[in-house]
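Asks: No gaps in the numbering here: position 34 of the sequence shown is 34 in the UniProt record's numbering, and each next residue is one more.
Have a look at this one before I ask anything.
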Amino acid sequence: MRAYMKEERVKELVTTSMISETLDPRLLMVQDATPTTLPTSNVMENDTRCAEQIMRHGVVEKVLIGAILTMLTFLTICGNLLVVISVCFVKKLRQPSNYLIVSLAVADLSVALAVMPFVSITDLIGGQWIFGQVFCNVFIAMDVMCCTASIMTLCVISIDRYLGITKPLTYPVRQSGWCMAKIVLSVWLLSASITLPPLFGWAQNVNDDKVCLISQDFGYTIYSTAVAFYIPVSVMLIMYYRIYRAAKVSVAKHTIAGFPRAEEDESVNCVTAALKLQKEVEDCASFSRLLRNDRRNISIFKREQKAATTLGIVVGAFSVCWLPFFLLSTARPFVCGVQCSCIPFWVERTLLWLGYANSLINPFVYAFFNRDLRTTYRNLLQCKYRNINRKLSAASMQEALKLSGRPDLVL
């Protein structure tokens, strides 16, 4: 009996030992797996936090930020809406060259209506995207298309002004409403083409439950920033350098010709003038005709020079507003990686809103430099709709006679 009990005891010990040997590797595997799981979770959390830094605003900060962003959005809508109404409904301003101005105002108005409100709400809650993944792609497409259309329209306006100044006799004749409409359509189609790659799989936007960020793919970043900003701003700078050179040449020609400046008194001594220009004019009457033609050319030149100055200020404001943002956008993927935005949230948003502010600046720059647009703004704001065309015609009748009936331009 004792021998049997000992034998059973030995079997029990052997069985327990075998079970222990069987379980130990599994326990070791569980122990080894436990510490490796936690770092993986931490890495995922770091990646999520790296995409955007969610900020917590207090009540006072939310009220202040909301008031500022709402005011910017409201003024942008009102200013660009005034431009569209003025050019479309005032006969004197309804010229083919001003189609570009309408296109620019529509692009800026679209930014204010379709982009700024969602960015404002996102900023108020600290940067967290709450509108869903599907709408994120739609929002990014609208943002890129409208901002790019505004920038490219400014580029086309610079080319239009250059041709208007360097070819004042032939270029306006070749302008037509259909031609300008095709140019405007081309600008919008090219702007829309930049939004297509993320929608068709070339580069995916950074898009999850909390983040909505444009694709950080290296190739797409270089392509989009070059087409949307660097190429247009280079064309603008070249055009305005050539405009500056053309203006200098025009001034030199008038100086060499020896004609009196437009500011001089109308009563010119015919005898003295005829003696100075005896090789070019035979009598006082012919000299008077030359003088009138010269003053008319000077008046046209001064108007074109003023238009170039106005648009130069518009382009300068555009560069100041958008250059910091595009420099940051170009460098961000190379600094932070394609799935990460390591730039402080407040820096990104400050530069972004500085770019959006360009949509607010444009209509007020036009009004500051253009008398007809100022008059139209004032009459529209005072609800004096009926007499706008008559007042503008009466105010500019003398100028129109001097310029041989050539239509005035916004820029």
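A virtual CB, placed ideally from N, CA and C, is assigned to each residue, including glycine.
Keep in mind the model is a prediction, meaning the values are calculated, not measured.
Quick one: grab the DSSP three-state call for residue 342.
Replies: Within the sequence shown, residue 342 is the residue found at index 342, counting from 1. Note: residue 342 maps to coil in three-state DSSP.
Asks: Label residue 371 either buried or exposed according to how many other C-beta atoms from any shown protein chain fall within 10 Å of its C-beta, with 16 as the threshold for buried.
Replies: For the purposes of this step, residue 371 is taken as the residue at position 371 of the sequence shown. Residue 371 is exposed by the Cβ-count criterion.
Asks: Report the partner residues of residue 213 according to the DSSP bridge assignment.
Replies: In the sequence shown, counting from the first residue as 1, residue 213 sits at position 213. The partner list for residue 213 (beta bridge, DSSP) reads 206.
Asks: What is the DSSP secondary structure of residue 200, reduced to helix, strand or coil?
Replies: To locate residue 200, count along the sequence shown from 1; it is residue 200. It is coil, neither helix nor strand.
Asks: Note down the Cα distance separating residue 378 from residue 103, rounded to an integer number of angstroms.
Replies: Walking along the sequence shown from the start, residue 378 turns up at place 378. Walking along the sequence shown from the start, residue 103 turns up at place 103. For residue 378 and residue 103, the distance between alpha carbons rounds to 22 angstroms.
Asks: Would you kindly report the start and end of the unbroken alpha helix (DSSP H) that includes residue 155?
Replies: Indexing the sequence shown from 1 puts residue 155 at position 155. Residue 155 -> alpha helix (DSSP H) spans 133-166.
Asks: When you compare each of 384, 380, 221, 107 to residue 185 by their alpha carbons, which one comes out closest?
Replies: Taking the sequence shown and counting its residues from 1, the one referred to as residue 185 is at position 185. Taking only the C-alpha atoms, the option nearest residue 185 is 107.
Asks: So, with DSSP's three-state summary, where would you put residue 383?
Replies: The count along the sequence shown starts at 1 and reaches residue 383 at position 383. Three-state result, residue 383: coil.
Asks: Assuming contact is defined by CB atoms lying nearer than 7 angstroms, are residue 124 and residue 66 in contact in what I supplied?
Replies: Residue mapping note: residue 124 aligns to position 124 of the sequence shown, counting from 1. Residue mapping note: residue 66 aligns to position 66 of the sequence shown, counting from 1. Contact flag set, yes.
Asks: Do you know offhand how far residue 117's Cα is from residue 363's?
Replies: On the sequence shown, residue 117 is found 117 positions in, with the first residue counted as 1. On the sequence shown, residue 363 is found 363 positions in, with the first residue counted as 1. Residue 117 and residue 363: Cα-Cα distance of roughly 20 angstroms.
Asks: Does the segment 236-247 come close enough to the segment 153-166 to have 3 or more Cβ pairs within less than 8 angstroms?
Replies: The segment 236-247, when compared against the segment 153-166, does touch it at the 8 angstroms Cβ threshold.
Asks: To the nearest angstrom, report how far apart residue 62 and residue 215 are at their CA atoms.
Replies: As a working mapping, residue 62 is identified with position 62 in the sequence shown. As a working mapping, residue 215 is identified with position 215 in the sequence shown. Their backbone Cα atoms lie some 29 angstroms apart in a straight line.
Asks: My output table needs one value for residue 191: the three-state DSSP class, helix, strand or coil.
Replies: Looking up residue 191 in the sequence shown gives position 191. Note: residue 191 maps to helix in three-state DSSP.
Asks: As a quick exercise: from 94, 127, 202, 223, pick the residue whose alpha carbon is nearest that of residue 177.
Replies: Along the sequence shown, one-based indexing puts residue 177 at 177. Minimum Cα distance to residue 177 is reached at 94.
Asks: In the DSSP assignment, find the unbroken alpha helix (DSSP H) run with residue 169 in it and report its ends.
Replies: As a working note, residue 169 is residue 169 in the sequence shown. Here residue 169 belongs to no alpha helix (DSSP H), and DSSP marks it neither H nor E.
Asks: Go through its chain and collect everything with a Cβ distance to residue 137's Cβ below 8 angstroms, but skip five positions before and after it.
Replies: Counting from one through the sequence shown, the residue named residue 137 turns up at place 137. Here the set comprises 198, 199, 205, 207.
Asks: Any idea what DSSP makes of residue 130, helix, strand or coil?
Replies: For this step, residue 130 is matched to residue 130 along the sequence shown. Residue 130: coil per DSSP, three-state reduction.
Asks: Relative to the C-alpha of residue 109, which candidate in 129, 134, 72 has its C-alpha closest?
Replies: As a first step, residue 109 is located in the sequence shown; it is residue number 109 there, counting from the start. That would be 72, whose Cα lies nearest to the Cα of residue 109.
Asks: Does the pairing of the segment 308-321 with the segment 133-149 give three or more beta-carbon distances under 8 angstroms?
Replies: With a cut-off of 8 angstroms, the segment 133-149 and the segment 308-321 do not count as touching, because too few Cβ pairs lie within range.
Asks: With 16 other CB atoms within 10 Å as the buried threshold, where does residue 79 fall?
Replies: Sequence index remark: in the sequence shown, residue 79 carries index 79 (1-based). That one is buried.
Asks: Pick out whichever of 314, 114, 218 has its Cα sitting closest to the Cα of residue 338.
Replies: By one-based count along the sequence shown, residue 338 stands at place 338. Taking only the C-alpha atoms, the option nearest residue 338 is 218.
Asks: Assuming residue 115 is part of the alpha helix (DSSP H), what are its boundary residues?
Replies: For the purposes of this step, residue 115 is taken as residue 115 along the sequence shown, with counting starting at 1. Unbroken run through residue 115: none, as it is neither H nor E.
Asks: What is the rounded straight-line gap between the Cα of residue 213 and the Cα of residue 92?
Replies: Numbered from its first residue, the sequence shown carries residue 213 at position 213. Numbered from its first residue, the sequence shown carries residue 92 at position 92. Distance between the alpha carbons of residue 213 and residue 92: 44 angstroms.
Asks: Whose C-beta lies closer than 7 angstroms to the C-beta of residue 229 among residues of the same chain, with five residues either side of it excluded?
Replies: Start at 1 with the first residue of the sequence shown, and residue 229 comes out as number 229. 151, 322, 326.
Asks: Hey, out of 70, 170, 82, whose CA is closest to residue 122's CA?
Replies: Counting from 1 along the sequence shown, the entry for residue 122 is found at position 122. Of 70, 170, 82, the residue nearest in Cα terms is 70.
Asks: Enumerate, from N- to C-terminal direction, the unbroken alpha helix (DSSP H) stretches of 4 or more residues contained entirely within the segment 352-383.
Replies: You should have 371-381.
Asks: Give the straight-line distance between the Cα atoms of residue 221 and residue 202, rounded to the nearest whole angstrom.
Replies: Reading the sequence shown from its first residue, position 221 is the one you call residue 221. Reading the sequence shown from its first residue, position 202 is the one you call residue 202. Cα to Cα, residue 221 sits roughly 11 angstroms from residue 202.
Asks: For residue 86 versus residue 376, is the C-beta distance shorter than 7 angstroms?
Replies: As a position in the sequence shown, residue 86 is number 86, starting the count at 1. As a position in the sequence shown, residue 376 is number 376, starting the count at 1. Contact flag set, yes.
Asks: With DSSP run on the structure shown, which of helix, strand or coil describes residue 90?
Replies: On the sequence shown, residue 90 is found 90 positions in, with the first residue counted as 1. Residue 90: coil per DSSP, three-state reduction.
Asks: What separation, rounded to the nearest whole angstrom, lies between the Cα atoms of residue 324 and residue 355?
Replies: Locating residue 324 in the sequence shown gives position 324, counting from the first residue. Locating residue 355 in the sequence shown gives position 355, counting from the first residue. Rounded to the nearest angstrom, the two C-alpha atoms are 8 angstroms apart.
Asks: Counting only the same chain and skipping the five closest in sequence on each side, list residues whose C-beta sits under 7 angstroms from that of residue 114.
Replies: For the purposes of this step, residue 114 is taken as the residue at position 114 of the sequence shown. Answer for residue 114: 142, 146, listed in chain order.
Asks: Since residue 315 and residue 240 should fall inside the 8 angstroms C-beta cutoff, what is the C-beta to C-beta distance between them, to a whole number of angstroms?
Replies: On the sequence shown, residue 315 is found 315 positions in, with the first residue counted as 1. On the sequence shown, residue 240 is found 240 positions in, with the first residue counted as 1. Confirmed, about 7 angstroms.
Asks: Just to confirm my understanding: we take residue 100, look at its own chain, exclude 5 residues before and 5 after, and list those with CB closer than 8 angstroms. What are they?
Replies: Residue numbering aside, residue 100 sits at position 100 when the sequence shown is read from its first letter. Only 153, 156, 157, 160, 180, 183, 184 meet the Cβ criterion.
Asks: Which of the three DSSP states, helix, strand or coil, is assigned to residue 177?
Replies: As a first step, residue 177 is located in the sequence shown; it is residue number 177 there, counting from the start. In this structure, residue 177 counts as helix in the three-state DSSP scheme.
Asks: For the alpha helix (DSSP H) containing residue 219, list its first residue and its last residue.
Replies: Numbered from its first residue, the sequence shown carries residue 219 at position 219. 218-225 is the span of the alpha helix (DSSP H), which, as asked, contains residue 219.
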